[in-house]
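Here the sequence shown is numbered in UniProt numbering, starting from 1 and rising by one per residue.
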Amino acid sequence: MLSTYLNIQFDIEGKPVNGFCMQIHDDFHETYAVILDGYHSFCVWLDGSSTWHFSKNASIEPSILDQIISKLTLSKSEE
């Protein structure tokens, strides 16, 4: 399981993206709150079939979401 906190910092098409993910308690899935500068916070979670999902009110570019999920997946595999 990922540590409870992960700093996020990368560039997408020259635009810096900064923030963090924090694991939150969820009885059913591995769930993370995502807080990014300039965006509303949202959640991402890994379901029982190892598929990542995100909250429906996440108003974020798909490339940024892909990068966040990639970083979470990489961090999980390093543990």
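Cβ coordinates follow ideal geometry from the N, Cα and C atoms, glycine included.
Predicted model only: the values in this text are computed from it and were never measured.
Neighbour-count burial assignment, residue i, 16 or more Cβ in a 10 Å radius
i, result
"residue 136", "The structure shown does not extend to residue 136, since the chain spans only 1 to 79, so no value can be given for it."
"L6", "buried"
"I68", "buried"
"E61", "exposed"
"L74", "exposed"
"L72", "buried"
Whole-angstrom distance between residue j and residue i, CA atom to CA atom
i, j, result
"D66", "D47", "16 angstroms"
"M1", "E13", "Interpretation of M1 is limited by its pLDDT of 41, a score under 50 that renders its predicted location unreliable; the figure taken from the coordinates is listed afterwards. Computed Cα separation, rounded: 31 angstroms."
"D11", "D27", "33 angstroms"
"N18", "L36", "6 angstroms"
"D29", "W45", "Note that residue 29 is His in the sequence shown here, rather than Asp. So the two alpha carbons sit approximately 6 angstroms from each other."
"I64", "Q23", "19 angstroms"
"S41", "T4", "16 angstroms"
DSSP bridge partner residues for residue i (one or two, in chain order)
i, result
"L46", "E30 and W52"
Nearest-angstrom Cβ-Cβ length linking residue i and residue j, presumed shorter than 8 angstroms
i, j, result
"S55", "C43", "5 angstroms"
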